[in-house]
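In what follows, a structure is listed as structure tokens, so that the remarks can point back to it.
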Amino acid sequence: MNVVDIAILTVLALFLIKGVVRGLLKELCSLFGLFGGLVIALRFHPYLAEGMLKTFSLPAQLCVVIAFAALFLLTVLIFAVIGFILSRFVKLLFLGGFNRVAGGLFGIVQGAAILILVLFGLSRSPLPEQAQKYLRSSQLTPPLVDMGETLFRHGKQLGGTVKGRS
Numbered sequence: 000m001n002v003v004d005i006a007i008l009t010v011l012a013l014f015l016i017k018g019v020v021r022g023l024l025k026e027l028c029s030l031f032g033l034f035g036g037l038v039i040a041l042r043f044h045p046y047l048a049e050g051m052l053k054t055f056s057l058p059a060q061l062c063v064v065i066a067f068a069a070l071f072l073l074t075v076l077i078f079a080v081i082g083f084i085l086s087r088f089v090k091l092l093f094l095g096g097f098n099r100v101a102g103g104l105f106g107i108v109q110g111a112a113i114l115i116l117v118l119f120g121l122s123r124s125p126l127p128e129q130a131q132k133y134l135r136s137s138q139l140t141p142p143l144v145d146m147g148e149t150l151f152r153h154g155k156q157l158g159g160t161v162k163g164r165s
């Protein structure tokens, strides 16, 4: 076990703790809030920016930035409130322990997904020889990089399938 393995285990432990503390419902709502916020902000910021431009005497680019940020943050906030309410409701049903255990498992999956992306990217990057040595001697890096390669391969195949249908 080397420094890279310890770093991987530390990241997984931190995500596990975060998941247990927050619970599955808050974690899922947070994730949905980020994706939903991005989709809503991308879709509707031009309309809000146009309205702001007519109402306030602000530069157009500033209106676009404010509109995007406001829609994104508002959506994230709404999902955070939903997650809070759902977590309270689950506690009332005496399912708080299940929510926390499931949150811990979800946290580990989140951490693993991030590690897979980072380590796969690093494996494809020109790194200094010392860094390559640490990655090669790690016990946990090869399986995570293999998962990244599998996901990348399937993603490329899926992308080709979708392009073929268009």
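Numbering (numbering that gives the first Met the number 0) for the sequence shown: 0 to 165. For each residue, glycine too, the CB sits at the ideal point set by N, CA and C.
**OP:** Taking only the alpha-carbon atoms, compute the straight-line gap between glycine 182 and valine 89 and give it to the nearest angstrom.
**Re:** Since the first and last residues shown for the chain are 0 and 165, residue 182 lies out of range.
Original post:
What is the DSSP secondary structure of arginine 135, reduced to helix, strand or coil?
Top reply: In this structure, arginine 135 counts as helix in the three-state DSSP scheme.
**OP:** Report the three-state DSSP secondary structure of proline 58 (helix, strand or coil).
**Re:** Note: proline 58 maps to coil in three-state DSSP.
**OP:** Apply the 10 Å Cβ neighbour rule to lysine 132 and answer buried if 16 or more other Cβ atoms are within range, or exposed otherwise.
**Re:** Looking at its Cβ environment, which holds fewer than 16 other Cβ atoms inside 10 Å, lysine 132 is exposed.
Original post:
Which value, in whole angstroms, describes the spacing of the CA atoms of leucine 61 and isoleucine 77?
Top reply: Computed Cα separation, rounded: 24 Å.
**OP:** Enumerate in chain order the residues of its own chain whose CB-to-CB distance from phenylalanine 119 is below 6 Å, with the five nearest sequence positions on each side excluded.
**Re:** Within the same chain, phenylalanine 119 has close Cβ partners Val144, Gly147.
Subject >> Presumed contact (8 Å Cβ cut-off) between leucine 11 and isoleucine 107, rounded CB distance >> reply: A Cβ-Cβ separation of about 6 Å places leucine 11 in contact with isoleucine 107 under the 8 Å criterion.
Subject >> Rounded Cβ spacing between threonine 74 and glycine 36 (contact assumed at less than 8 Å) >> reply: That belief holds up - the Cβ atoms of threonine 74 and glycine 36 are roughly 4 Å apart, short of 8 Å.
Original post:
alanine 66: buried (16+ other C-beta within 10 angstroms of its C-beta) or exposed?
Top reply: Buried: at least 16 other Cβ atoms inside 10 Å.
Original post:
Using a Cβ-Cβ cut-off of 8 Å (strictly less than) and excluding sequence neighbours within five positions of leucine 13, which residues of its own chain qualify?
Top reply: Apart from sequence neighbours up to five positions away, the residues of its chain that approach leucine 13 with a beta-carbon distance below 8 Å are Gly110, ordered along the chain.
Original post:
Does DSSP classify methionine 146 as helix, strand or coil?
Top reply: Of the three classes helix, strand and coil, the one that applies to methionine 146 here is helix, per DSSP.
Subject >> Simplified DSSP assignment, three categories, for serine 165 >> reply: Residue placement at serine 165 is poorly supported in this model, since its pLDDT is 47, which falls under 50; the coordinates still yield a value, given next. Coil.
**OP:** Determine, using beta carbons only, whether alanine 115 and leucine 72 come nearer to each other than 8 Å.
**Re:** Residue 115 is actually isoleucine in this sequence, not alanine. For the pair isoleucine 115 and leucine 72, the CB atoms are not nearer than the 8 Å cut-off.
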